[in-house]
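Colleague:
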Amino acid sequence: MSNEVVLEARSLTKIYHAPGGGTVAALDGVDIQVHRGRTLGVVGESGSGKTTLTRQLLRLETPTSGDVIFEGQPLAGLEGTELRRYRHAVAAVFQNPYSSLDPRLRIWQAITEQQAIERVGSRKDRRARAAELLDLVGLGAGMAERYPHQLSGGQRQRVAVARAIAQDPEVVILDEPLSALDVSVSAQIVNLLLDLQERLGVTYLFVGHDLRLVRHLCHDVVVMYRGRVVESGPATEVLGAAAHPYTAALAGASSLTSLEEIDDGDTTTVPLEGEVGCPYRYRCPRRDEVCDTVTPDGTPVGMSRVVRCHHPLEPARSAAC
Amino acid sequence: MLSVENLHTVYFAGRDTVPAVRGIDLDVRAGSATALVGESGSGKSTAALSIMRLVNKPVGEVVRGTVRLDGRDLLKLDAGDMRKVLRTDIGYVPQDPTTALDPLFTVRTQIAEAHPGGSRKEVDRDIVVLLERLGVLDAKRRLRSFPHEFSGGMRQRVAIAIALAKEPRLLIADEPTTALDVTTQVAILRLLDELRRERNLALLFVTHDLAVARLVCQDLVVMYAGLVVESGPIATVMAQPRHPYTRALLDADAGHAEPHTRLRAIPGQPPALTALPAGCPFAPRCPVAEDRCNDAIPAVERFGDVRVRCIKAGAVAA
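Residue numbers (this note's numbering), protein chains in the order written: chain A, 1133 to 1453; chain B, 81 to 398.
1) Let's test the definition: count the other Cβ atoms within 10 Å of the Cβ of T1425(A) and tell me whether it reaches 16, buried, or not, exposed.
2) Between the stretch 1298-1327 of chain A and chain B, which residues of the former have CB atoms less than 7 Å from a CB of the latter, in chain order?
3) So is K124(B) buried or exposed if we call it buried at 16+ other beta carbons inside 10 Å?
4) Starting from Y1378(A), follow the beta strand (DSSP E) in both directions and report where the run begins and ends.
5) Quick one: using the 10 Å Cβ neighbour count with 16 as the cut-off for buried, is G118(B) buried or exposed?
6) Just by C-beta distance, which residues in the stretch 343-362 of chain B are closer than 8 Å to chain A?
7) Give the DSSP-derived three-state secondary structure of S1284(A) in the structure shown.
8) CB P313(B) to CB V368(B), shorter than 9 Å?
9) Is the separation between the beta-carbon of I170(B) and that of A245(B) shorter than 9 Å?
10) Just the C-alpha distance for L300(B) and G197(B), rounded to the nearest angstrom, thanks.
11) Per DSSP, what are the beta-bridge partners of A1223(A) in this structure?
12) Please list, in chain order, the chain B residues whose beta carbon lies closer than 8 Å to that of E1177(A).
13) In chain order, what residues of the stretch 104-131 of chain B put their CB closer than 7 Å to some CB of chain A?
14) Less than 9 Å between CB atoms is the rule here; does A305(B) satisfy it with respect to chain A?
15) Quick check: is the beta carbon of D1342(A) nearer than 9 Å to any beta carbon in chain B?
16) DSSP has L106(B) in a bridge; who is on the other side?
17) Please classify K137(B): does DSSP put it in a helix, a strand, or coil?
18) How about A239(B) and L166(B): do their beta carbons lie closer than 9 Å?
19) With 16 other CB atoms within 10 Å as the buried threshold, where does K1146(A) fall?
20) Just to make sure I have the definition right: I need the residues of chain A whose C-beta is within less than 9 Å of the C-beta of H288(B). Which are they?
21) Checking contacts by CB at 9 Å: is G384(B) closer than that to chain A?
22) Report yes or no: is there a C-beta of chain B within less than 9 Å of the C-beta of S1232(A)?
23) Can the beta-carbon of P361(B) be found less than 9 Å from the beta-carbon of I346(B)?
24) Spell out the partners DSSP gives P1206(A) in its beta bridges.
25) Starting from the N-terminal side, write out each stretch of the beta strand (DSSP E) that is 3 residues or longer and does not extend beyond the stretch 128-214 of chain B.
26) Assuming L1326(A) and R344(B) are in contact, meaning their beta carbons sit under 8 Å apart, how far apart are those beta carbons, in whole angstroms?
27) Measuring only between beta-carbons, confirm whether L1189(A) sits less than 9 Å from chain B.
28) Per DSSP, what are the beta-bridge partners of V1137(A) in this structure?
29) Assuming L1265(A) contacts I1243(A) under a Cβ cut-off of 8 Å, what Cβ separation, rounded to an integer in Å, is found between them?
30) Is it the case that the stretch 126-141 of chain B contacts the stretch 314-334 of chain B, given that we only count it when at least three CB pairs across the two stretches are under 8 Å?
31) Hey, out of L353(B), V317(B), A219(B), I252(B), whose CA is closest to R382(B)'s CA?
32) With a threshold of 9 Å between beta carbons, is Q1289(A) in contact with chain B?
33) Check whether the Cβ atoms of S83(B) and R148(B) sit closer than 9 Å, and answer yes or no.
34) What residues from chain A crowd round P339(B), counting only those whose CB sits closer than 9 Å?
35) Can you give me, in chain order, the residues of the stretch 1379-1393 of chain A that have a beta carbon less than 7 Å from any beta carbon in chain B?
36) Should G1212(A) be flagged as near chain B, meaning a C-beta pair shorter than 9 Å?
What follows is the structure in structure tokens.
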């Protein structure tokens, strides 16, 4: 397994201006590292900043501060050809396969749309390429001439995956690609993603809220809460023996093993710019004065884990020994 | 309490009638929860709506069957009596709390609409007690709030409050936690479970997630392509699934698999309701199907409390 970092976010911060004044720190000093050929999971609930993070990584928005670094090169100064090279290197598959495909394009056109815009190869070449990709994602070339409305949700998501890999990307950002699919179909797409990673060596960044799937697909994981990374490390360790109380609450709720009293998960507050203290303190059973006044720094747990908590949970300490 | 027999519902699409529910049986006992599980297009939501007689022309129609609530067949009631049943006996919690609430009215107005009545003061007091019971903090002050001022989880609590304000005996919840975060999901599930016990509610819980169903329900009804393929006590069915579809659903869950290994996916996809096969609808995807599975829809076989529509159900090793 490679240790080379292909995509990285350093102190990534994104401030939005709320209507009626006030500023919201949707991302507040987020660091992530995506290793080549591996899968990094990003988990957290709505409002945690997952989607804001992918928008910065895809360069759909410019971060307020901090930077995204691809193969050692910061994106901040990139323009023209170099920025275009980056856009080829990082592709995306989105959550809803019903809205992510243009209803007017045939499947082969949708898959090779970017190549057509850039006038890569002839029409015939692009058709051939689409047929090859359809075969790779298990759809068969017979689908090429159809329109999206003739396909099921699972088939559309396969098309979205084919379109993402059409440009030979280094990294594919998967933004909740399984959430809109039925249980029996979701497992098919999981297997497809695993196959493609094995065959093409592609790197994934998987954004998801179903921890059962995250644990299955991801080698590493970062847990986000209100715009900050609260815990990161190898997926089985972090999700199996959480050090941060929020990770523990999330893992407990996702295991669906009991209805016991747990963190009930409702916050209506948004993270404000320059806010001091632990972002999780309002819901945390371990809160004390220091959590209100000092923002926790990243503390190493064992060899490869980091937790941002003043009072991390015990199992992780013993697991780290 | 609720007993559905041989219910058939169709939708109209142009000149065609599309069968969505094809003769289902299900029961919900007082103080007990039944899970109605299936994938999109299986007919589970249509079944729930049909029980409330909410599938009507020109969209579709309940073709035949009986829906007995405390022995009374709801399908035979006149419109006025049916409205009364919906107003007093059946509460409904929809999947998406954002669209279930009217953005133009305060939370108080919307809950009071469902309340049986009384002086303004009494109604307000009841609503505050109900909302506090549902975990809405500072309920008194929030009565005058509008839906957009609540988070998703809080909106779903308000939707549940609307369903419960009439003190119904049957609560139908259609994927009430699918749109919510996992931590909020468990909180809402716990709440439904407590309410069922406290109020002796009959709960019909519609979901696509067997793991969620197991947490809150005692009985399970699995639907596929408009048919109930397996039903029975949830612990029994999940421990020993007899229908290949139930077994495949349980196997496909990533929770049981070793990380990075291939999941046991079900090949293919459910049949379109416009092109249903003559035989068992699962046969084209079924690992143990034989030619004769395509001849006719299998009859229901009983194994103790479990009922299965599969000609090979008896072959399952005990």
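Note that CB positions come from ideal geometry on N, CA and C, so glycine has one too. Source: prediction; values computed, not measured.
Modeller: If we stick to the structure as given:
1) When all chains shown are included, T1425(A) counts as exposed.
2) Residues passing the 7 Å Cβ filter: D1314, V1315, S1316, V1317, A1319, Q1320, V1322, N1323, L1326.
3) Counting Cβ neighbours within 10 Å, K124(B) comes out buried, since at least 16 surround it.
4) Per DSSP, Y1378(A) is not a residue of any beta strand (DSSP E); the alpha helix (DSSP H) it occupies stretches across 1377-1387.
5) Result: buried.
6) Under the 8 Å Cβ criterion, the stretch 343-362 of chain B contributes L343, R344, A345, I346, P347, Q349, P350.
7) Note: S1284(A) maps to coil in three-state DSSP.
8) No, these two residues do not count as a Cβ contact at 9 Å.
9) Contact flag unset, no.
10) Cα to Cα, the separation comes out at about 36 Å.
11) Paired residues: V1304(A).
12) In chain order, D261, V262, T263, T264 make up the part of chain B whose C-beta sits under 8 Å from the C-beta of E1177(A).
13) Listed by position, the residues of the stretch 104-131 of chain B near chain A (Cβ gap below 7 Å) are E119, S120.
14) Chain A, which has no Cβ nearer than 9 Å to the Cβ of A305(B), makes this no.
15) At a cut-off of 9 Å between C-beta atoms, D1342(A) counts as an interface residue with respect to chain B.
16) Note: L106(B) sits in a beta bridge opposite V84(B).
17) If DSSP states are grouped into helix, strand and coil, K137(B) belongs with coil.
18) It is not a contact, given that the beta carbons lie outside the stated cut-off.
19) Residue environment: K1146(A) is assigned as buried (16 or more neighbouring CB atoms within 10 Å of its CB, all protein chains considered).
20) Simply D1314, V1315.
21) Answer no: the Cβ-Cβ gap between G384(B) and chain A never drops below 9 Å.
22) For S1232(A), the closest Cβ of chain B is not nearer than 9 Å.
23) Cβ atoms of P361(B) and I346(B): not closer than 9 Å.
24) In the DSSP assignment, P1206(A) is bridged to I1201(A).
25) Listed in chain order, the complete beta strand (DSSP E) runs (minimum 3 residues) inside the stretch 128-214 of chain B are 140-149, 170-173.
26) The distance from the Cβ of L1326(A) to that of R344(B) is about 13 Å, inconsistent with a contact at the 8 Å cut-off.
27) In terms of beta-carbon proximity, L1189(A) stays away from the interface with chain B, with every pair separated by 9 Å or more.
28) V1137(A) is bridged to H1167(A).
29) For a cut-off of 8 Å, the C-beta gap from L1265(A) to I1243(A) is around 6 Å, short enough to register as a contact.
30) Contact fails: fewer than three Cβ-Cβ distances are below 8 Å.
31) In terms of CA proximity to R382(B), V317(B) leads the group L353(B), V317(B), A219(B), I252(B).
32) Residue-level contact by beta carbon fails for Q1289(A) and chain B, as no gap is shorter than 9 Å.
33) Taking 9 Å as the Cβ cut-off, S83(B) and R148(B) qualify as a contacting pair.
34) Think of a sphere of 9 Å around the beta carbon of P339(B): the chain A residues whose beta carbon falls inside it are R1347, H1348, L1349, C1350, H1351, A1367, T1368, in chain order.
35) Answer set for the stretch 1379-1393 of chain A: A1381, L1382, A1385, S1386, L1388, L1391.
36) At a cut-off of 9 Å between beta-carbon atoms, G1212(A) makes no contact with chain B.
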